[in-house]
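>
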Amino acid sequence: MTNSTSSQQSNLKILQLEDLDANIQKILRIAVETRENAYCPYSKFQVGAAVLCADGSMYGGCNIENVSFTVGTCAERVAYGKAISDGKRNFTAVAVVGSMEFTSPCGACRQYISEFGYVDVYIACPNLKKIAVTSIEALLPCAFKRTDNPF
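In numbering that gives the first Met the number 0, the protein residues as written are 0 to 150.
1. I need the straight-line Cα distance from Glu102 to Phe44, nearest angstrom please.
2. Is it right to say Thr33 is buried, meaning 16 or more other beta carbons lie within 10 angstroms of its own, or is it exposed?
3. When you measure from the CB of Asn22 to every non-hydrogen atom of the ligand COA, does any distance come out below 7 angstroms?
4. Which ranges would you report for the alpha helix (DSSP H) in the segment 98-149 if only whole runs of at least 4 residues count?
5. In terms of residues, what are the limits of the beta strand (DSSP E) holding Leu14?
6. What separation, rounded to the nearest whole angstrom, lies between the Cα atoms of Ile112 and Asp147?
7. By the three-class DSSP mapping on this structure, what secondary structure does Gly55 have?
8. Which residues mark the beginning and the end of the beta strand (DSSP E) in which Ala92 is found?
9. So what's Ser5 in DSSP terms, helix, strand or just coil?
10. By DSSP's criteria, Cys61 is part of a beta bridge. Which residues make up the other side?
11. Return the CA-CA distance between Ala49 and Ile135, expressed in angstroms with no decimal places.
12. Going by DSSP in three states, Tyr79 sits in which element: helix, strand or coil?
13. How big is the Cα-Cα spacing for Leu27 and Ala137?
14. Identify the residues that DSSP records as bridge partners of Thr69: which are they?
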């Protein structure tokens with residue numbers, strides 16, 4: 000995870016690619032592939048993500064930067080956005096591949112992911128030598144949920 004302490008990393012389960020379900024392996028590979036399409040001329044920090052929908056469909060996305068930094072979009076939200084645009088609402092897993100050993104979803108993406116239910120989160124480096132697995136609820140305990148909104 001980016002800038003994390005060893006105690007934070009100890010909460011991650013580390014696995015090898017071959018130990019994972021075929022669909023999880025596939026979304027990890029999609030995340031690696033889409034990472035190459037990242038538009039990041041300012042940070043040079045490429046991130047790819049992919050979501051696995053409950054019906055087995057998969058969608059990938061990459062980060063898209065903008066000169067006005069706050070309007071850039073993270074890879075996770077691009078992947079979810081593509082799936083949601085196709086009518087998907089039920090997800091089982093998300094994979095994130097950054098430029099570092101483990102690049103965890105940012106806080107905004109954690110909240111975004113949790114909007115659509117609790118999923119497993121797979122975090123890997125581009126060579127897929129080691130994969131960390133956790134859950135969105137472990138990454139974002141006490142998330143703000145739809146039931147918390149009075150409207």
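We put the CB at the ideal spot given by N, CA and C, even for glycine.
Result, derived from the coordinates:
1. Note that residue 102 corresponds to Thr in the displayed sequence, not to Glu. One C-alpha to the other measures close to 10 angstroms.
2. Counting the other Cβ atoms within 10 Å of the Cβ of Thr33 gives 16 or more, which makes it buried.
3. This structure does not include the ligand COA; it has no bound ligands of any sort.
4. Uninterrupted alpha helix (DSSP H) stretches at least 4 residues long and entirely within the segment 98-149 occur at 106-113 and 135-138, given in chain order.
5. First-last of the beta strand (DSSP E) with Leu14: Lys12 to Leu14.
6. Their backbone Cα atoms lie some 16 angstroms apart in a straight line.
7. Residue state, collapsed to three classes: coil.
8. Per DSSP, Ala92 belongs to the beta strand (DSSP E) from Phe90 to Val96.
9. In this predicted model, Ser5 has a pLDDT of only 43, less than 50, meaning its place in the structure is not dependable enough to derive any value.
10. DSSP lists Gly47 as partners of Cys61.
11. The alpha-carbon atoms of Ala49 and Ile135 are separated by roughly 15 angstroms.
12. Correct three-state label for Tyr79: helix.
13. About 20 angstroms.
14. Paired residues: none, contrary to the question.
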